[in-house]
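If you use this note's numbering, the sequence shown corresponds to residues 19 to 831, in order. See structure below.
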Amino acid sequence: MAKTPGPYGLLARFVLAHRPAVAVVLVVVVVVSIVLGIPPRVNPDLLSLLPPDQPTVQALTKLNESEGGVSLITLAFDADDPEQLGPWLDAVTADLQALDRVEYAIHEVDPELTRQLGLLQLEAGELAELNVRLKGALALGPALNPFVTQRLMAMGPLTERIQQLADAPDLLAGSDGTGRILVRPDGSANDQPFAIAVMDDVDGVLAAHAQPGIRTAWIGGAYRHNVEDFRGIQSDLLWTSFTSLALVLAVIVLAFRSWRGTVLVFVPLLSANAIVLALVWLTMDSLNTYTSFGTAVLIGLGIDFAVHLVGRYREYRAAGLDLQPAIERAWDRTGPPCMTAALTSAAGFLALAAAEFQGFAQLGYLLAMGLMICLLMMLVVLPLLIPIFDASPPQPLGVASDSGKPSRSTYRLAPAALSIAVIITGVVGMRTIPKLEWEYDFSELRRDGLSYAQLSETERALARDSYTPMIVDLPSADALAKTQARVQAAVDAGKLPHIGRVISIRSVLPDDQDARVAQLRELVTQIDHPNLRYLPRPLTEKLLPLKGQAIEPHTVDDLPLPVRDLLGARRPDQHRLLLVPTGNMWDLREAAALEAEVDTVLEPGTVAGNYVTMGSLYRVINRDMPLVGGLAILMVFVLTAIDLRRAHWVFAAMGTLLAGLVWASWAVHSVGVKLSIMNIVGVPILVGIGVDVVIHLLHRLRDEGPGGVRRALRTTGVAASLSTLTTVASFASLTVAGNRGVRSMGLLVVFGLIAVFTASAILLPLAWAAGWRVTGRAPGSTGTPGPAPRRRSFPSLEEETEELDDSQDDELL
Numbered sequence: 019m020a021k022t023p024g025p026y027g028l029l030a031r032f033v034l035a036h037r038p039a040v041a042v043v044l045v046v047v048v049v050v051s052i053v054l055g056i057p058p059r060v061n062p063d064l065l066s067l068l069p070p071d072q073p074t075v076q077a078l079t080k081l082n083e084s085e086g087g088v089s090l091i092t093l094a095f096d097a098d099d100p101e102q103l104g105p106w107l108d109a110v111t112a113d114l115q116a117l118d119r120v121e122y123a124i125h126e127v128d129p130e131l132t133r134q135l136g137l138l139q140l141e142a143g144e145l146a147e148l149n150v151r152l153k154g155a156l157a158l159g160p161a162l163n164p165f166v167t168q169r170l171m172a173m174g175p176l177t178e179r180i181q182q183l184a185d186a187p188d189l190l191a192g193s194d195g196t197g198r199i200l201v202r203p204d205g206s207a208n209d210q211p212f213a214i215a216v217m218d219d220v221d222g223v224l225a226a227h228a229q230p231g232i233r234t235a236w237i238g239g240a241y242r243h244n245v246e247d248f249r250g251i252q253s254d255l256l257w258t259s260f261t262s263l264a265l266v267l268a269v270i271v272l273a274f275r276s277w278r279g280t281v282l283v284f285v286p287l288l289s290a291n292a293i294v295l296a297l298v299w300l301t302m303d304s305l306n307t308y309t310s311f312g313t314a315v316l317i318g319l320g321i322d323f324a325v326h327l328v329g330r331y332r333e334y335r336a337a338g339l340d341l342q343p344a345i346e347r348a349w350d351r352t353g354p355p356c357m358t359a360a361l362t363s364a365a366g367f368l369a370l371a372a373a374e375f376q377g378f379a380q381l382g383y384l385l386a387m388g389l390m391i392c393l394l395m396m397l398v399v400l401p402l403l404i405p406i407f408d409a410s411p412p413q414p415l416g417v418a419s420d421s422g423k424p425s426r427s428t429y430r431l432a433p434a435a436l437s438i439a440v441i442i443t444g445v446v447g448m449r450t451i452p453k454l455e456w457e458y459d460f461s462e463l464r465r466d467g468l469s470y471a472q473l474s475e476t477e478r479a480l481a482r483d484s485y486t487p488m489i490v491d492l493p494s495a496d497a498l499a500k501t502q503a504r505v506q507a508a509v510d511a512g513k514l515p516h517i518g519r520v521i522s523i524r525s526v527l528p529d530d531q532d533a534r535v536a537q538l539r540e541l542v543t544q545i546d547h548p549n550l551r552y553l554p555r556p557l558t559e560k561l562l563p564l565k566g567q568a569i570e571p572h573t574v575d576d577l578p579l580p581v582r583d584l585l586g587a588r589r590p591d592q593h594r595l596l597l598v599p600t601g602n603m604w605d606l607r608e609a610a611a612l613e614a615e616v617d618t619v620l621e622p623g624t625v626a627g628n629y630v631t632m633g634s635l636y637r638v639i640n641r642d643m644p645l646v647g648g649l650a651i652l653m654v655f656v657l658t659a660i661d662l663r664r665a666h667w668v669f670a671a672m673g674t675l676l677a678g679l680v681w682a683s684w685a686v687h688s689v690g691v692k693l694s695i696m697n698i699v700g701v702p703i704l705v706g707i708g709v710d711v712v713i714h715l716l717h718r719l720r721d722e723g724p725g726g727v728r729r730a731l732r733t734t735g736v737a738a739s740l741s742t743l744t745t746v747a748s749f750a751s752l753t754v755a756g757n758r759g760v761r762s763m764g765l766l767v768v769f770g771l772i773a774v775f776t777a778s779a780i781l782l783p784l785a786w787a788a789g790w791r792v793t794g795r796a797p798g799s800t801g802t803p804g805p806a807p808r809r810r811s812f813p814s815l816e817e818e819t820e821e822l823d824d825s826q827d828d829e830l831l
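Shown next as structure tokens:
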């Protein structure tokens with residue numbers, strides 16, 4: 019009498035009995051998902067993924083909310099003929115200023131104002147000493163003696179500074195002689211549509227003014243990098259998904275040997291991905307740098323379930339079962355390991371959700387959710403399509419033996435082979451794992467040509483000049499003066515090596531301005547003294563630029579709005595200190611050092627800026643990764659133990675997985691992949707995916723019993739090989755991404771997963787065979803034949819379970 023199928027078989031029976039109604043519901047769900055989720059929104063802002071309780075994140079968020087941040091677009095130009103550059107900059111600046119989305123554009127300050135402000139940088143005490151010495155020398159006239167001359171010449175460095183400041187042509191000119199334009203948009207660089215529009219406007223102005231002999235040396239600022247990252251993610255999303263689809267399609271066509279079988283597995287796969295994108299829109303709103311490649315990965319991961327389900331269905335069909343019983347039996351026998359594999363993989367992914375860094379957390383959520391949806395769609399949609407596209411399958415996916423002869427193997431060499439494999443794995447782990455390298459420079463993970471190391475020395479200097487300053491808002495002018503003095507003293511003492519300049523309105527309009535103006539005016543009058551001709555010529559040449567200068571005190575209102583804004587004095591009640599970083603701020607280690615240095619002189623959370631916040635990112639990720647890795651292995655272990663229940667099976671599964679990870683580290687190191695903020699998430703992904711192969715193969719070895727190693731490898735082993743190949747193909751698609759961090763993720767998982775699969779395919783069967791050998795269960799060692807290579811009749815699920823339970827009580831690995 020036919021027995022009732024298990025829960026997975028009952029699900030298949032229900033779908034087969036209600037095909038029209040189930041199909042209509044699924045079509046509606048998929049169409050709505052396509053409308054909601056395609057095309058997906060993309061947000062490349064890395065800082066928005068940091069935990070909101072970090073003081074630096076809160077400070078930057080407050081600044082962005084109050085005034086859209088302080089980001090500028092810095093444009094630097096050089097010319098073959100410097101005489102042409104000035105008029106050209108005037109024309110370009112005027113057109114940039116006229117743009118609707120630009121608050122101001124500036125490339126120079128009035129030369130007279132620049133000269134006046136420059137001279138005010140001279141200390142009153144130094145000027146007073148120079149005046150005293152100069153007055154004494156002028157009084158002597160022709161009787162000037164060497165002693166007085168020597169004392170006067172000692173002031174040479176000060177007079178040289180006077181000459182340089184009096185001749186300063188442009189307050190905003192680059193230190194290398196390039197012409198610079200500073201553009202302040204009236205919106206935030208983190209507002210993606212606005213940033214794209216303003217950069218398109220700027221590019222349009224530059225294109226309209228293109229002129230031979232004048233070149234754009236650098237474009238810097240958050241607007242440029244955010245737009246480049248956004249467009250890069252969009253391009254990568256398209257190309258990686260398309261490449262993943264093409265590669266997986268090629269594998270499936272070769273494996274199923276028919277276009278019908280290919281359609282069979284791809285319809286539920288693509289439907290699942292559409293639903294995932296709709297859920298992304300509902301729950302996360304947009305994709306980011308980390309989740310942008312999630313759909314490409316799910317194409318390879320989701321199809322694994324179809325390979326195992328359809329593979330087992332074809333086995334039963336080839337053995338003579340009718341279509342519906344074959345589907346129900348395949349679902350009952352393959353559904354549980356598929357569910358276990360999905361849950362363990364999802365657990366590995368969900369370990370990422372424990373990370374404070376939301377880039378990791380959102381990726382873990384996306385992959386875990388997507389994987390479960392893929393399994394559900396396969397379980398429901400395949401019974402709808404099999405009667406149409408695979409009612410008479412050409413042949414099974416595996417290559418089971420048809421000789422009918424029982425296995426007589428004694429597995430004599432299995433224990434020794436297993437011992438050797440374990441020893442080699444241990445040696446490889448000890449020699450390789452300590453050699454794994456890390457990449458901390460975030461610019462190395464961006465697109466080719468944009469990393470700090472790939473820039474010329476000139477471009478590096480321009481990049482540093484374009485760094486957005488960090489902001490410290492203070493309650494009063496007195497607090498600003500005290501804070502600036504304290505920070506400047508620390509910079510002068512070498513305690514803040516990652517801060518290049520400390521700037522405020524006091525830097526241009528000093529508190530003792532009246533004293534400095536008085537001393538400068540006295541100096542100007544002395545230059546008209548007739549005895550000046552008796553002074554040393556090198557000294558007088560440096561003082562002559564002051565001749566006829568009208569030295570006047572200045573107030574904040576005398577400064578144009580762009581200058582006030584750049585100095586943190588846009589409003590009368592604004593008391594702002596600007597800290598300009600130096601070094602490679604794209605290197606997370608340097609950003610973390612900057613944050614630590616700033617915290618020694620200022621209260622945490624009082625400094626707002628992108629680079630100091632990157633230091634928080636470094637700390638958060640260093641905290642997250644050990645937690646995520648350990649949690650991934652723990653969750654996989656718990657779910658594997660729940661599924662397998664027996665200690666030696668669990669030990670075999672986890673031991674094989676860990677050995678596979680050791681070989682994965684060797685493979686990754688051998689191909690030169692460095693671990694980074696981008697690809698480190700591949701480790702829990704490897705844990706989650708790698709255990710799939712172990713679970714499926716272990717279930718089949720358990721089902722086959724002693725002597726069934728070859729048959730398990732030729733059936734489930736082939737299906738596992740195919741599913742691994744599709745996953746490898748999906749991650750291989752990441753290598754076409756322009757973002758080098760995404761590319762390194764693809765390489766890490768491709769070579770890592772191949773190593774994990776190879777280790778699993780060797781070590782798990784060896785461990786099983788060695789266990790049979792040691793316990794005397796190897797078929798050839800007992801004088802009795804092992805089970806036939808292929809069952810010709812199909813007992814009920816309950817009968818199969820009873821047979822397995824009887825034999826498993828005596829098995830020991």
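For each residue, glycine too, the CB sits at the ideal point set by N, CA and C. Remember, it's a predicted structure, so these values are computed and weren't measured experimentally.
**CA-to-CA distance, Pro73 to Ala499, given in whole angstroms** = 24 Å
**Prompt:** Taking three-plus beta-carbon pairs below 8 Å as touching, is the segment 112–132 in contact with the segment 198–209?
**Reply:** Result yes; three or more Cβ-Cβ pairs closer than 8 Å.
**Message:** Is the separation between the beta-carbon of Glu374 and that of Asp642 shorter than 8 Å?
**Reply:** Yes, Cβ-Cβ distance for Glu374 and Asp642 is below 8 Å.
**Message:** Across the segment 783–790 and the segment 298–307, are there enough close Cβ pairs to call them in contact, namely three or more that are closer than 8 Å?
**Reply:** no
**Item:** Alpha-carbon spacing of Phe655 relative to Arg330, whole angstroms
**Value:** 26 Å
**Of the listed residues Gly222, Ile293 and Ala146, nearest to Val53 (C-alpha basis)** = Ile293
**Prompt:** With distances taken from CA atoms, which of Gln182, Leu44 and Gly377 is nearest Asn61?
**Reply:** Gly377
**Segment limits, beta strand (DSSP E) that includes Met488** = For Met488, the uninterrupted beta strand (DSSP E) run begins and ends at Met488 to Leu492, by DSSP.
**Request:** Taking all protein chains shown into account, decide if Pro355 is buried (16 or more other Cβ within 10 angstroms of its Cβ) or exposed.
**Result:** Residue burial is scored here from C-beta neighbours: Pro355 has at least 16 other C-beta atoms within 10 angstroms and is therefore classed as buried.
**Among Ile406, Val166, Gln182 and Thr167, the one whose alpha carbon lies nearest that of Thr280** = Ile406
**Asked** Cα-Cα, which of Lys565, Arg791 and Phe775 is closest to Leu743?
**Response** Phe775
**Message:** So, with DSSP's three-state summary, where would you put Asp617?
**Reply:** Correct three-state label for Asp617: helix.
**Request:** Kindly identify the DSSP beta-bridge partner or partners of Met593.
**Result:** Per the sequence presented here, residue 593 reads as His, with Met not at that position. DSSP, once it has assigned bridges, lists Leu492 as partnering His593.
**Asked** Can you list, in chain order, the stretches of the alpha helix (DSSP H) that have 4 or more residues and sit fully within the segment 100–134?
**Response** Runs of the alpha helix (DSSP H) inside the segment 100–134: 100–115.
**Asked** Of all the alpha helix (DSSP H) runs that stay within the bounds of the segment 159–214, which reach a length of 4 or more residues?
**Response** 164–171 and 174–184
**Asked** Helix, strand or coil for Ser310 per DSSP?
**Response** coil
**Item:** Which residues DSSP lists as bridging Ile521, in chain order
**Value:** Leu596.
**Chain-order list of residues whose beta-carbon lies under 6 Å from that of Ser193 (same chain, five-residue window excluded)** = Summary for Ser193: the model assigns pLDDT 49, below 50, so the residue's position carries little reliability, and this model does not support an answer.
**Request:** Would you identify the three-state DSSP class for Ala626, choosing helix, strand or coil?
**Result:** strand
**Request:** Tell me, to the nearest whole angstrom, how far the beta carbon of Val711 is from that of Leu766; I am working on the premise that it is less than 8 Å.
**Result:** Not quite, the Cβ-Cβ distance comes to about 17 Å (not below 8 Å), so this is no contact.
**Item:** Cα-Cα separation, Gly447 to Lys453
**Value:** So the two alpha carbons sit approximately 10 Å from each other.
**Message:** Does Ser694 come out as helix, strand or coil in the three-state DSSP assignment?
**Reply:** If DSSP states are grouped into helix, strand and coil, Ser694 belongs with the strands.
**Asked** Excluding five sequence neighbours on each side, which residues of the same chain lie with their C-beta closer than 7 Å to the C-beta of Asp824?
**Response** Annotation note: pLDDT 37 at Asp824 (below 50); position unreliable, coordinate value reported separately. Excluding sequence neighbours, Asp824 sits near nothing in its chain.
**Nearest-angstrom Cα separation, counted from Ala659 out to Ala650** = 14 Å
**Asked** Mind checking Ile56: buried by the 16 CB within 10 Å criterion, or exposed?
**Response** exposed
**Prompt:** Going by other Cβ atoms of all chains shown within 10 Å of its Cβ, with 16 needed for buried, is Ser289 buried or exposed?
**Reply:** Classification of Ser289: buried, given that the 10 Å Cβ count is 16 or more.
**Message:** So for Asp408, helix, strand or coil by DSSP?
**Reply:** coil
**Prompt:** Nearest-angstrom Cα distance between His243 and Leu657?
**Reply:** Roughly 42 Å separates the two Cα atoms.
**Prompt:** Can you tell which of Ala495, Pro515, Ser89 and Trp277 has its C-alpha closest to the C-alpha of Ala614?
**Reply:** In this structure, Pro515 is the residue among Ala495, Pro515, Ser89 and Trp277 with its C-alpha nearest to the C-alpha of Ala614.
**Request:** Have a look at Leu361 and Met387 and give me their C-alpha separation to the nearest angstrom.
**Result:** 10 Å
**Message:** Could you check whether Gly735 and Ala677 sit closer than 8 Å to each other, using their CB atoms as the reference points?
**Reply:** no
**Request:** Determine which residues share a DSSP beta bridge with Trp456 and list them.
**Result:** Beta-bridge pairing links Trp456 to Leu693.
**Message:** For Leu771, report the span of its alpha helix (DSSP H) as first-last.
**Reply:** Its alpha helix (DSSP H) spans residues Arg758 to Val792.
**Request:** Out of Pro70, Asp113 and Gly136, state which residue places its alpha-carbon closest to the alpha-carbon of Pro11.
**Result:** With the chain covering 19 to 831 only, the question about residue 11 has no answer from this structure.
**Request:** Go ahead and pull the three-state DSSP assignment for Arg233.
**Result:** DSSP places Arg233 in strand when its eight states are reduced to three.
**Asked** Looking only at C-alpha atoms, which of Leu662, Val619 and Ala344 sits nearest to Arg504?
**Response** Val619
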